[in-house]
Ligand code: NAD
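Spelled out as structure tokens, the structure:
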């Protein structure tokens, strides 16, 4: 099959890590008989320098026409770069918001995987980690408290602020479907997280998720209150497969989930909408402190490319093959600086990419 991929290297370490992900995709193409065609798209600081805006309409159109989008990272050194003297809507990160909105992406997926070989980076105790864990947080991205009406005002001499938390059943249904679809490709368990003992949006959330679950009889659904979930992620992360939750709870829980894996250079992510077109990117930023030094860990981006194969192109075997190659390279002791520990071999960005390609 032929697949067209809009590739956004972006700023900082973005171009370096994207180069390695493309190398891996090309090897997969050779092995499995696919052709990945890349169209480079400008976004972030590099786009500001070239066009004056962080994402042009043409760049967005190119992304829309592609089968999927692979992104490195955008942004510069906030204290030093001229990009940050611009108004907020013209700064590099505004490109991210514009592309997510332009592509209609409402679901964010963040896997939290603890690789056996990187257990020492995990802040949890050995008896909790056991043989490691592997779950995904599916977070609603375009509704809830962050998008409701808000205002700050004064009443009877007292300063007050109001934020509104709104969800309609369609917004809940479409994200719930993604969670069940994803669980179907994993261990068939969805844990829906809410605060149904207190707030109405959560009670509606719980009802609608239950309704959607009727279409997925082979997937086990459980409900959990968000405060309990925050505890369970550090108490027994192995229990989770897919955590489904609304925007603000997901914002907090997905950061907590990332933290318990201990290594930012390993964490992939995906944003999805109503179609198969998704935006795949590492969870980390553009790391300007190490840009251009062949020090960045390309694994998060390579694993994001694997997610693209799995969720946008339904290429399960190909995605497994990338994930297994990453595990083998880690098992052999190759490490970039961010995950380096005693007794292992320090390698650069390019070499890490080469070792992964060699295992495919
Ligand atoms: P960051 O994730 O870029 O870096 C935090 C720390 O982690 C740094 O010390 C960095 O060297 C290290 N690090 C990050 N990724 C790494 C990798 N792959 N390999 C090795 N080490 C890695 O976060 P920050 O410093 O807060 O932000 C830097 C810039 O990135 C800012 O402009 C910020 O706005 C932007 N940013 C972009 C995105 C995105 O594009 N999605 C996300 C977060 C931050």
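Residue numbers (my numbering): -12 to 347. Note that beta-carbon positions come from the ideal geometry of N, C-alpha and C, so glycine has one too. In this text, all values refer to a predicted model and were calculated from it rather than measured experimentally.
Among the options, the one whose alpha carbon lies nearest that of residue i
{"i": "residue 180", "options": "146, 334, 233", "result": "233"}
{"i": "residue 352", "options": "0, 244, 221, 228", "result": "Residue 352 falls outside the range modelled here, since the chain spans only -12 to 347, and no answer is possible."}
{"i": "residue 273", "options": "-5, -10, -12", "result": "-5"}
{"i": "residue 122", "options": "324, 229, 329", "result": "229"}
{"i": "residue 108", "options": "251, 126, 3", "result": "251"}
{"i": "residue 325", "options": "112, 299, 287, 301", "result": "287"}
{"i": "residue 224", "options": "244, 87, 13", "result": "244"}
{"i": "residue 331", "options": "339, 321, 337, 338", "result": "321"}
{"i": "residue 88", "options": "67, 164, 130, 14", "result": "130"}
{"i": "residue 76", "options": "68, 39, 48, 59", "result": "39"}
{"i": "residue 220", "options": "196, 200, 100, 189", "result": "100"}
{"i": "residue 80", "options": "97, 59, 93", "result": "59"}
{"i": "residue 67", "options": "139, 161, 3, 276", "result": "276"}
{"i": "residue 46", "options": "169, 205, 144, -8", "result": "-8"}
{"i": "residue 57", "options": "343, 311, 299", "result": "299"}
{"i": "residue 117", "options": "226, 7, 336, 347", "result": "226"}
{"i": "residue 73", "options": "24, 36, 92", "result": "36"}
Chain-order list of residues whose beta-carbon lies under 7 Å from that of residue i (same chain, five-residue window excluded)
{"i": "residue 236", "result": "180, 213"}
{"i": "residue 82", "result": "30, 31, 34, 41, 42, 61"}
{"i": "residue 174", "result": "228"}
Close Cβ partners of residue i (< 6 Å) along its chain, the five nearest in sequence each way excluded
{"i": "residue 295", "result": "55, 267"}
{"i": "residue -11", "result": "22"}
{"i": "residue 159", "result": "192, 195"}
{"i": "residue 139", "result": "148"}
Beta-bridge partners of residue i, as assigned by DSSP
{"i": "residue 79", "result": "Residue 79 is not bridged to any residue."}
{"i": "residue 179", "result": "210, 231"}
{"i": "residue 71", "result": "Answer by DSSP bridge pairing: none, since residue 71 is not bridged."}
{"i": "residue 120", "result": "None, per the DSSP bridge assignment."}
{"i": "residue 150", "result": "137"}
{"i": "residue 27", "result": "-6"}
{"i": "residue 321", "result": "332"}
{"i": "residue 94", "result": "127, 259"}
{"i": "residue 58", "result": "-5"}
Through-space distance from residue j to residue i, alpha-carbon basis
{"i": "residue 194", "j": "residue 210", "result": "11 Å"}
{"i": "residue 291", "j": "residue 269", "result": "6 Å"}
{"i": "residue 302", "j": "residue 142", "result": "58 Å"}
{"i": "residue 95", "j": "residue 257", "result": "6 Å"}
{"i": "residue 284", "j": "residue 323", "result": "6 Å"}
{"i": "residue 106", "j": "residue 222", "result": "16 Å"}
{"i": "residue 187", "j": "residue 177", "result": "21 Å"}
{"i": "residue 182", "j": "residue 84", "result": "27 Å"}
{"i": "residue 327", "j": "residue 315", "result": "16 Å"}
{"i": "residue 64", "j": "residue 253", "result": "22 Å"}
{"i": "residue 149", "j": "residue 184", "result": "21 Å"}
{"i": "residue 240", "j": "residue 217", "result": "7 Å"}
{"i": "residue 115", "j": "residue 317", "result": "22 Å"}
{"i": "residue 201", "j": "residue 280", "result": "52 Å"}
{"i": "residue 306", "j": "residue 15", "result": "9 Å"}
{"i": "residue 26", "j": "residue 215", "result": "44 Å"}
{"i": "residue 308", "j": "residue 197", "result": "34 Å"}
Start and end residues, alpha helix (DSSP H) containing residue i
{"i": "residue 2", "result": "1 to 19"}
{"i": "residue 171", "result": "156 to 171"}
{"i": "residue 266", "result": "Careful: residue 266 lies outside any alpha helix (DSSP H), inside the beta strand (DSSP E) at 265 to 269."}
{"i": "residue 35", "result": "32 to 38"}
{"i": "residue 108", "result": "Segment: none, residue 108 is in no alpha helix (DSSP H) and carries neither H nor E."}
Residues of its chain near residue i, where Cβ-Cβ distance is below 8 Å and the 5 sequence neighbours each way are ignored
{"i": "residue 151", "result": "132, 135, 136, 137"}
{"i": "residue 271", "result": "60, 251, 252, 254, 287"}
Enclosing beta strand (DSSP E) for residue i [first to last residue]
{"i": "residue -10", "result": "-11 to -3"}
{"i": "residue 226", "result": "Segment: none, residue 226 is in no beta strand (DSSP E) and carries neither H nor E."}
{"i": "residue 200", "result": "Taken as a continuous stretch (DSSP letters only), residue 200 belongs to no beta strand (DSSP E), being part of the alpha helix (DSSP H) at 187 to 200."}
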